[in-house]
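The working numbering numbers the first residue of the sequence shown as 1 and each following residue consecutively.
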Amino acid sequence: MATNSSKTSTPYLNTAQVERAYSRYAHLYDVTFGKLFNEPRRIGVECLDVQSGERILEVGVGTGISLSHYRNDCSITAIDVSDEMLEHSQLQIKRHGLNHVTIANMDAANMQFSDNSFDAVMAAYVITAVPDHKTVIQEMVRVCRPGGRIVFINHFSNGNQLIGSMEKLVSPLCRHLGFRTDLGLQAVLDGTTLQVIRKRSVTPLGLGNLVECINLKTA
Ligand SMILES: C[S@@+](CC[C@H](N)C(=O)[O-])C[C@H]1O[C@@H](n2cnc3c(N)ncnc32)[C@H](O)[C@@H]1O
Numbered sequence: 001m002a003t004n005s006s007k008t009s010t011p012y013l014n015t016a017q018v019e020r021a022y023s024r025y026a027h028l029y030d031v032t033f034g035k036l037f038n039e040p041r042r043i044g045v046e047c048l049d050v051q052s053g054e055r056i057l058e059v060g061v062g063t064g065i066s067l068s069h070y071r072n073d074c075s076i077t078a079i080d081v082s083d084e085m086l087e088h089s090q091l092q093i094k095r096h097g098l099n100h101v102t103i104a105n106m107d108a109a110n111m112q113f114s115d116n117s118f119d120a121v122m123a124a125y126v127i128t129a130v131p132d133h134k135t136v137i138q139e140m141v142r143v144c145r146p147g148g149r150i151v152f153i154n155h156f157s158n159g160n161q162l163i164g165s166m167e168k169l170v171s172p173l174c175r176h177l178g179f180r181t182d183l184g185l186q187a188v189l190d191g192t193t194l195q196v197i198r199k200r201s202v203t204p205l206g207l208g209n210l211v212e213c214i215n216l217k218t219a
């Protein structure tokens, strides 16, 4: 069942603020952040190892920059909270004829999908852009079937004390841009049924990690 997202909100972000931040720079996204981190998205989709006929969920799809990387004999559902970002996704769908993709405005912390609806779930640069990562992860695990795959692409705080204090310092400032920099992978995965099967850096300076997980929950 969908869970209440308010309990573990960070003081840095709230959904309205995040939605406003991304709506504001949706038109610039593809030529800035979008362009910069496109190769990791391609690798992330490859790692998802999508099989013919599978049901895929992409959380926080943004401008849909990753959508053309998927094979077209699967079914993709892509959600985001920003209508402006989703308008760009819609253009991607049209431009590339992606008839297997459906998009919806939906809060990842309160998804309107039944349990076990998807074989695989992708979250690219999203988990540090949500106010309540714990609830979002719970939701991703809930809608992913037992044994399904979940892939994250993200910057995660690496535990180094010096870098960690800098990340903590800049994180409150980054909230105006709609993300935080001080979240560690362990904090994301603690208490979940996710097992990491592979983790590697996919951008210089450890700015982007690709984390492949398997959902060990039982039905
Ligand atoms: C940094 S962008 C990443 C977009 C895209 N995944 C990419 O690879 O470029 C983060 C996205 O997450 C969306 N987002 C933030 N909070 C969300 C939430 N609670 N539910 C769904 N989407 C959310 C934002 O609107 C934004 O489009």
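C-beta: ideal position from N, C-alpha, C; glycine also. Note that the coordinates shown come from a computational prediction; the quantities given were computed from them, not determined experimentally.
Beta-carbon separation (whole angstroms), residue i vs residue j, contact threshold 8 Å
i, j, result
"S201", "G191", "So it is not a contact: roughly 25 Å between Cβ atoms."
"A120", "G148", "6 Å"
"L194", "N215", "6 Å"
"Y125", "N154", "6 Å"
Alpha-carbon spacing of residue i relative to residue j, whole angstroms
i, j, result
"E19", "S82", "5 Å"
"P131", "T15", "6 Å"
"L86", "R24", "13 Å"
"T128", "G53", "30 Å"
"S302", "A219", "Because the chain is modelled from 1 through 219, residue 302 falls outside the range shown and cannot be assessed."
"C144", "D73", "19 Å"
"N38", "I76", "19 Å"
"G44", "E212", "8 Å"
Residue i CB to nearest heavy atom of ligand 3 below 8 Å
i, result
"A16", "Ligands present in the displayed structure are limited to ligand 1, and ligand 3 is not among them."
Contact test: residue i Cβ vs ligand 1 heavy atom, cutoff 8 Å
i, result
"I79", "yes"
"F37", "yes"
"Y70", "no"
"T63", "yes"
"F118", "no"
Buried versus exposed, by CB contacts within 10 Å (16 or more), residue i
i, result
"I197", "exposed"
"L13", "buried"
"D115", "exposed"
"R71", "exposed"
"A123", "buried"
"L67", "buried"
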